[in-house]
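Order-wise, the sequence lines are chains C and X. Offset between the first sequence (1-based) and the working numbering: plus 170. Offset between the second sequence (1-based) and the working numbering: plus 170. Here a beta-carbon is modelled for each residue, glycine too, at the ideal position from N, C-alpha and C. To start, the structure itself, in structure tokens.
Protein chains: 2
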Amino acid sequence: MEWSIQDIARTAGTTSRTLRHYGDIGLLPPSRVGGNGYRYYDQDSLVRLQRILLLRDLGLGLAAIAEVLSGEQDTGAALRTHLALLEQQRRRIDRQIESVRTTLRKTEGGEQLMAQEVFDGFDHVKYEQEVVERWGRDAWEKGDRWWRSLSDHERKGFQQRQLDIAADYGRACHAGRSADSAEVQAITQRHFEWLSATVRPTKEYFIGLGEMYVADPRFAANYDKHGTGTAVLVRDAMKVYAERNLGA
Amino acid sequence: MEWSIQDIARTAGTTSRTLRHYGDIGLLPPSRVGGNGYRYYDQDSLVRLQRILLLRDLGLGLAAIAEVLSGEQDTGAALRTHLALLEQQRRRIDRQIESVRTTLRKTEGGEQLMAQEVFDGFDHVKYEQEVVERWGRDAWEKGDRWWRSLSDHERKGFQQRQLDIAADYGRACHAGRSADSAEVQAITQRHFEWLSATVRPTKEYFIGLGEMYVADPRFAANYDKHGTGTAVLVRDAMKVYAERNLGA
DNA sequence: ATAGAAGTTGACGCTGCGTCAACGTCAAGC
DNA sequence: GCTTGACGTTGACGCAGCGTCAACTTCTAT
């Protein structure tokens, strides 16, 4: 028995375009092509098509399907590989959903849509290269191990303390305090302690970090959102603190 | 302050190609373009870029991001829409994972990779149009309601009985029984009863169904996998059964 | 002055078809 | 025998979001 392209398309629940596509890429050649160029399909074609569509519904790509059907790859292996891939996707989606929910809560709570608490949140993977360049691989690895060792709760707490510090800087800035004022230096003291949780900052490190805060808008934005100029104040305060309290 | 394209790309953790793309589509134009064509970005650009990347990490499309950032669409609404979309995707993935697992179990169990137990598994949605054409909308809706009313367990059982019947037909065919033999007619009796669970088949319906089994490879394959010619035997047996037992 | 790094503008590639466009075929009715 | 309409064909573009050459021009440092 032989069917036209539309016949096959309809019975299999797909479209003629798809069939021509499968023909073009050699996945499902017509069993016969008429002198007029018409494609005709037989029973075997249809069985093959069913398998293709089945695998496709499972989410496999056409290339993978071709491999399975040509027997180059056994079905079980292909499915297991694909399963792993699907599970990975699912985790990704789950993470995204979580992130979106969080972001949603934040924006609904009136917070600005801002970059994550960069660095202060230690997005280590993303900034690994940069951190390594600036402070050396040792510092990176140490910080990373430490960060990973924390529980979710601890991480949140750590970030929260950072947010509080930033907010306090902001208020001080708004109140017109100078970088070397006792008030600001007290905040910087907390800032220093907060940072000490990971690496014991040296004088240069601490000053350099301060400069980073203004030079790199990713960081600056996190402070300046509490008022323009806060980032500059922070930098100066850190410099003063370092020179007063950290040995050469 | 002003940065080159690479500076921005590095600090934001993306590539210059991406930035040019965003420039091309108007999502993030450079703050300045030099006489030599070089792109330069300022602090505002970077903040905007951060927001873009944040939203992108949440999975939003560039078009959606553009809307949000231009203020045409409020962030909350966009995020909620997106959240719904993500959840939908997750359900899809979950279903796929389930299907792949099932298929995997089946193929590992030695079963052939075959099209699902078509029709006999009542893939109603897929074949709705066809069923309606052949047997009318009433029959469809009745069958559909019935099928939906079943539990998963019941559905499996129903499919299993069908598989058993098909296998028995296959054995009878292999043994050379004729369509009007008592043995085959006994199987057909079960077949009829099985079908009666959904619609009380009329004579014409039952005969027509038999013809469908051979005319349509989707169905034929499900019988002929037990041996070539089984589908034909089934058709004939059904015809005999209908004429003997079903009133005009 | 010259090398090498970094910049530019195209343009193709990838996935899986949907969707025209422009044109040939075939069965049916007048 | 001609028209009509349904169905067929082969291109080719479009889509999302950049990666990846390619072929040049510019900046920077020696």
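Per-residue burial, residue i [other beta carbons within 10 Å of its own, 16 or more giving buried]
i: I377/C; result: buried
i: G380/X; result: buried
i: F292/X; result: Unreliable positioning characterises F292/X in this predicted model, as indicated by a pLDDT of 36, which lies under 50. A coordinate reading is not provided.
i: V419/C; result: The shown model of chain C, from 171 to 418, leaves out residue 419/C, and the question about it has no answer.
i: S215/C; result: buried
i: T185/X; result: exposed
i: A352/X; result: exposed
i: V203/X; result: exposed
i: A356/X; result: exposed
i: T273/X; result: buried
i: H252/C; result: buried
i: A412/C; result: buried
CA-to-CA distance, residue j to residue i, given in whole angstroms
i: R275/C; j: V404/C; result: 29 angstroms
i: G340/C; j: Q330/C; result: 15 angstroms
i: D244/C; j: A182/C; result: 24 angstroms
i: S174/X; j: L219/X; result: 14 angstroms
i: E374/X; j: L230/C; result: 41 angstroms
i: A367/X; j: Q266/X; result: 29 angstroms
i: Q359/C; j: A401/C; result: 16 angstroms
i: G241/X; j: E278/C; result: 16 angstroms
i: A254/X; j: E257/C; result: 20 angstroms
i: Q332/C; j: R261/X; result: 37 angstroms
i: V354/C; j: Q213/X; result: 26 angstroms
i: V410/C; j: Q259/X; result: 53 angstroms
i: H137/X; j: S201/C; result: Residue coverage of chain X in this structure runs from 171 to 418, which leaves residue 137/X outside it and unanswerable.
i: L416/C; j: G346/C; result: 26 angstroms
i: E172/X; j: G246/X; result: 32 angstroms
i: D350/X; j: R414/X; result: 10 angstroms
i: E268/C; j: R190/C; result: 41 angstroms
i: Y393/C; j: H344/C; result: 12 angstroms
i: P371/X; j: L365/X; result: 7 angstroms
i: G207/C; j: G205/X; result: 57 angstroms
i: L338/X; j: E363/X; result: The sequence as given places Asp at residue 338/X; Leu does not occur at that position. For D338/X and E363/X, the distance between alpha carbons rounds to 15 angstroms.
Candidates the options, of which the one nearest residue i by Cα
i: S348/X; options: G399/X, D212/X, L189/X; result: G399/X
i: Y192/X; options: Y210/X, L228/X, L232/X, Y208/X; result: L232/X
i: L225/X; options: L249/X, R190/X, D406/X, A412/X; result: L249/X
i: D264/C; options: L416/X, D227/X, G246/X; result: D227/X
i: R209/C; options: H252/C, R221/C, Q176/C, V217/C; result: Q176/C
i: I222/C; options: K409/C, T188/C, G346/C, A407/C; result: T188/C
i: H396/X; options: A342/X, W364/X, E363/X; result: A342/X
i: I335/C; options: R414/C, A407/C, G205/C, G417/C; result: A407/C
i: I178/X; options: N206/X, G207/X, K409/X, V217/X; result: V217/X
i: R180/C; options: Y211/C, R370/C, L365/C; result: Y211/C
Problem - Chain-ordered residues of the stretch 241-273 of chain C with a beta carbon less than 8 angstroms from chain X - result: Along the stretch 241-273 of chain C, the positions whose C-beta sits under 8 angstroms from a C-beta of chain X are T245, G246, L249, R250, H252, L253, L256, E257, Q259, R260, I263, D264, Q266, I267, S269, V270, R271, T273, read in chain order.
Exercise for the section: Please confirm if the stretch 225-238 of chain C is in contact with the stretch 184-199 of chain C, defined as three or more CB-CB distances below 8 angstroms between the two stretches. Expected result: With a cut-off of 8 angstroms on Cβ pairs, the stretch 225-238 of chain C is in contact with the stretch 184-199 of chain C, counting three or more such pairs.
Problem - Contact set between the stretch 394-407 of chain C and chain X, restricted to residues whose Cβ is under 7 angstroms from the partner - result: The residues in question: there are none.
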